Every structure is written in C-alpha cells, then in structure tokens.
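Q: The structure that follows is given in the form of structure tokens.
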Amino acid sequence: MEREGNYLKSPDLLPVTHQQRNIGTFGFAVIWIGMAIVLAAFAIGGSAIMNLSLPMVIVATLVGSCLIGVFMTLIGDIGIEHGLSFPVYMRAPFGTFGTHIPSLVRGVTAACWFGLNTYFGALAINGILNLMFGFNNWFICFLVFAALQLFNTSLGIKSIERFADLAAPVIILISCWMYYTLADSATSQGKNIWTWVETPTTGIAAFTAFMVVVMANMGFWATLAADMPSLSRFFKAPKNERNWFKRNKTQLVGSLIVMPITNTFIVAIGAVCYMAVASADPINALQQSASGFILGILLLMIVLAQWSTNTSANVVPAATIFSNIGGPKVPFWVGVVIAGIIGIIAQPWSLFDVMVNVLLIIGGILTAIVGILFADYYLIRKRRVHVKELYELDGQFKYYKGFNMAGLIAWVIGGAVANIFATYSSLVGFVVGAAVYYVLAKYWWFKKYPQAELEDPSDAKYLGITVGHNLDELFGQPASAPTSALEEEELVEQPDPLLEMKGAE
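In terms of this note's numbering, the sequence shown opens at residue 56 and continues consecutively.
Written out as structure tokens, the structure reads:
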C-alpha cells in the first residue's frame, strides 16, 4: 500500500475528523489550568519584583499572557479548520523535509522543560527523604526521578497522567496557601507586598523592566503558541460556521481568559516568594514556610504534579517529534530516551537562575515561526489549504528537495532580529518573521513553485470545517486511528483529552 512507503501518512499525523473532536470549552479550560500551573513561572515573578512593584508585575504578566494567547488562538485555527497538527501544517511554509528543523527546535525545548520540571520534582523528593531518613542528595533523586518518568512514558502507562485531574486543583490550593503564608512572612519583615521593590526604577528603565516581563511571559508559552494546532484539532467546533469567533470559542475562553489568570497567579506567587525568602525557588520557599508532616505532604504533591504534567506536556511531544524525524529506525521509546538525555544534558539546575534571559531568546526564535505560520495561513493562503498534498512525497509542498527556502530564510532573519532587540523579542520575532516570509513566499518562492489554492482560491475545495468537509474521505479511513488494541479500548471506554493530545504532536 502507498501508506506503507509514505512516512508522511503516519496514522498519528492524519487530519482529525469532526466526529473525533471531543474537547469542549470547559475541558480546554481544565487542561489549561493543569498546563499553566508550572513552577518555573516562579522565576519570572522573582526576577520581576527586583525592579517592579507587584501591581506592575501583575499587569505586565497579564499583557504578555494575553498577547501570546492571541497568537495561540490565531494559529490554533489551523487545527480547528483543517484538523491538522503542527508538524504537518509546517510542511506548507517549510517543506516536507524542512518541517523537521523547526519541529526539532520545538522538541529540544520540550526536552529542556522536562529537565527543569524533573529538577523541581527531584528537590521535592530529596526534601521528603531528608525529612524521613536524613538523606540529602538531590542529584541522585534527579537521575532516579528522570528514569522513572522516562520508563513510565516509554511503556505508555496512562494512570499517572490521569492523576493530573487531581493534581491541578491540589496545586492551586497549595499555591493559595503559599501566597498567604509567604505574604504574612514578608509583612512580618516590614515589607508591603503591594509596594515593595528591591531596586526601584523610573522612566525608560522602568518601561524596559516592564517589557522584559511581558516578553518573558510570551517566551514562556511561545512553544505552545506554535504548536497549538496539535491540540486545537481535537476541539469541538460547529460545521459550516464562517464566524471566526464562534468557531474558535473554545480557544478564546481557554487562551485569553483561563491561561492569563492562572499564569498571572503563579507569577505573582513567585514575586511574593522572593519578598519573603529572597528566592523564587518554590521548593526552597516551601521548606522555609512549612515543616513536619505538612511539608512532606506538600512536597509529595509537587512530585506527583511534576510527574503527571511532564509526561503529556513535555516527554511525549519531544519523543514523538524525535521519532517522526528519525522515521522507522527511531521508535517511540528511543525518542523518549533522546528526550531524557537532552533534558539532563541541559543542566536544568542552572537554567532556573537565568530563566528570564533564556525565555527572551526562545521567545524570539519561536514567535518568528508563529509569524511565518500566520503569514502563510492567513495572509497568503487565506485559510485555504490543499490538505491532501501535505501528505504527498512528490506533491506541491516538496518544493526544492523538500525545503521551502522562503520559510527557512524568514525564520533565520526573524529569530536573529528578535534577539538583537531582546527587550521586545517575541513581538519583533512575530512581525519580522511574518513580513519577510510574506514577501519572499508571495513574490519569489510561490512564483517558482505554484500552489493550487493560490491558483484556484476556491472555498469549496480548500477550506475545511467551515464548508463542512469530512476529512477522513481524503485517505479512505478514519484519521488518528488508535495505534494498538489497548489504546482503542481505552478511547472507547473513557475518552481522555490529555491522552489524545499525545497523538497531536
């Protein structure tokens, strides 16, 4: 069969049909709460409070969260409209082979996040063992915890991921407890949490500090902004709905309301944490504000929360990307091992202290990709996509030996310029990436390699859910079919959005 010799038609990468979409507005809101409660966000608050008051930190975080939320929703329409995942649509602006390059960057970034979350979990495990047995070696805890998570993921065990449904609300309760406890501690030291600033700034310096916080928050979520189609393709959406806002209601509620609120709360706790204990490290803060049995329970919840979110949000996406790039010679479990090795080599124990600077760099690089996707999808193709050709080895998206040079050049220029103007990295990356790609693609590359949806801009042929297309007809079988009998049984008995996210990467 053709599919056996065409790696582009991997079952996990085929479009998701309307019948297979089972994540509603409430479901996405719950998923966002789980994803947005990331302890690494404490670092943004701890760094920001050095130069800005807490109200300004909150405003800057809300602005950055809402801006990146807009990017997420715009790009997420690719999944809503056509049922396509991130690496598949990237074949349009980067080529059937070129898509692997930005996908690899996304995979490495996810692997680094795995390492950082594992580091927090390891510190919590070390704290528990220290309480119980006097053991004190966080690095051994780090290696063991990393190995357990990787083993868990490579076997495809699902139970620990379902714990996320419990872990998210529990971590919210822990966070509330931390906020009030740490705020009391800061107040007892004579600090007014709403006015205290370690090193106050004014004028241009204050504006620069404000924008750094905005860009850091955008950089924090820039990976998901590019990758949102991989998740949004599972969202429920009405057929034949031409109103963009109605069609993307689930995204709008999740990415522009739930995420900004949750993310801002976590960043604010990081700021208060720094006021109270002169450190934004959440594990250090817990150890200084609790003791005995209560501390042990809090640390255990941190461990389980890191574990539950790390597998679905970081290890699985990274491993899937590495496996897709490597082809049949790199099975999923090998991708898991690669993700783990990268996460360890990244030395996450050093990343936390330079988190804001790293986020500014990552934000510029990744939002340049977001800008390119925006220009290709909205400005050039007008949301019309020749979906079937995305899965053809010698189709219109092969371009020059599998590369779309317009996309690659725009990405390099966008990422480079963004990091020259690091204070505004995410905005600069988006604008420059989009502008350069639009000019190069429309007036150069697509003159050399004609695109069917540009030559014949037909809504009926090239739009998706807006015109009621049933995408499974393209390939003669349902898309995203379960890869095993066990997965098929689980999906039938109890659909789980977090599990379905795995196949979306």
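Just so you know, even glycine gets a beta-carbon here, dropped at the ideal spot from N, CA and C.
Computed from a prediction, not measured in an experiment: that's the story for all the values here.
#1: Quick check on the DSSP output: the alpha helix (DSSP H) that includes residue 394 runs from which residue to which?
#2: Report the residue ranges of all alpha helix (DSSP H) runs contained in full by the segment 282-359; include only those spanning at least 4 residues, in chain order.
#3: Roughly how far, in whole angstroms, is the beta-carbon of residue 69 from the beta-carbon of residue 278, given that I think they are within contact range, below 8 Å?
#4: Going by DSSP, what residue range makes up the alpha helix (DSSP H) through residue 415?
#5: What is the rounded straight-line gap between the Cα of residue 396 and the Cα of residue 377?
#6: Is the segment 462-481 close to the segment 265-278, with three or more CB pairs under 8 Å?
#7: Scan the segment 70-113 and note each continuous alpha helix (DSSP H) run of 4 residues or more that stays entirely inside, going in chain order.
#8: Tell me residue 455's beta-bridge partners as DSSP assigns them.
#9: Is the beta carbon of residue 87 closer than 7 Å to that of residue 426?
#10: Can you list, in chain order, the residues of its chain with a C-beta nearer than 6 Å to that of residue 351? Leave out the 5 residues immediately preceding and following it.
#11: What is the DSSP secondary structure of residue 205, counted as helix, strand or coil?
#12: Going straight from the alpha carbon of residue 65 to that of residue 105, what length do you get?
#13: So, helix, strand or coil for residue 518, using DSSP?
#14: Going by beta-carbon coordinates alone, are residue 142 and residue 154 separated by less than 7 Å?
#15: Mind checking whether residue 209 and residue 388 have CB atoms under 7 Å apart?
#16: Apart from the five residues on each side of it in sequence, which residues of its chain come closer than 6 Å, Cβ to Cβ, to residue 406?
#17: Out of 121, 77, 75 and 80, which has the shortest C-alpha to C-alpha gap to residue 317?
#18: Here's the rule: buried if 16 or more other CB atoms are within 10 angstroms of the residue's CB, otherwise exposed. What is residue 409?
#19: Roughly how many angstroms lie between the CA atoms of residue 199 and residue 285, to the nearest whole one?
#20: Pick out the complete alpha helix (DSSP H) segments inside the segment 122-147, 4 residues or longer, and give them in chain order.
#21: Please confirm whether residue 504 and residue 465 have their CB atoms less than 7 Å apart.
#22: To which residues of the same chain is residue 509 closer than 6 Å at the C-beta, ignoring the five residues directly before and after it?
#23: Quick check: the Cα distance between residue 11 and residue 393, rounded to an integer number of angstroms?
#24: Expressed to the nearest angstrom, what Euclidean distance is found between the alpha-carbon atoms of residue 515 and residue 507?
#25: Take the Cβ of residue 342 as the centre, count every other Cβ of all protein chains shown within 10 Å, and call the residue buried at 16 or more, exposed below.
#26: Using alpha carbons as the reference points, say which of 249, 202, 314 and 419 lies closest to residue 471.
#27: So, at 7 Å on beta carbons, what are the nonlocal neighbours of residue 365 in its own chain, with the 5 sequence-adjacent residues on each side left out?
#28: Is it right to say residue 136 is buried, meaning 16 or more other beta carbons lie within 10 angstroms of its own, or is it exposed?
#29: Using the C-alpha atoms, what's the distance from residue 207 back to residue 435?
#30: Helix, strand or coil: which one does DSSP assign to residue 63?
#31: Considering Cα atoms alone, identify which of 428, 417 and 511 is closest to residue 475.
#32: Is the number of C-beta pairs between the segment 96-113 and the segment 294-312 that are closer than 8 Å three or more?
#33: Pairing CB atoms from the segment 69-83 with CB atoms from the segment 448-456, are three or more of them under 8 Å?
#34: So what's residue 168 in DSSP terms, helix, strand or just coil?
A: In terms of the structure at hand:
#1: 387-400
#2: 299-302, 304-308, 314-332 and 337-344
#3: That belief does not hold up - the Cβ atoms of residue 69 and residue 278 are roughly 23 Å apart, past 8 Å.
#4: 410-429
#5: 12 Å
#6: yes
#7: 80-91 and 97-103
#8: 458
#9: no
#10: 183 and 186
#11: helix
#12: 49 Å
#13: coil
#14: yes
#15: yes
#16: 171
#17: 121
#18: exposed
#19: 31 Å
#20: 141-144
#21: no
#22: none
#23: Outside the displayed range of the chain (56 to 560) lies residue 11, so it cannot be described from this structure.
#24: 13 Å
#25: buried
#26: 419
#27: 169, 172, 173 and 204
#28: buried
#29: 43 Å
#30: helix
#31: 417
#32: no
#33: no
#34: helix
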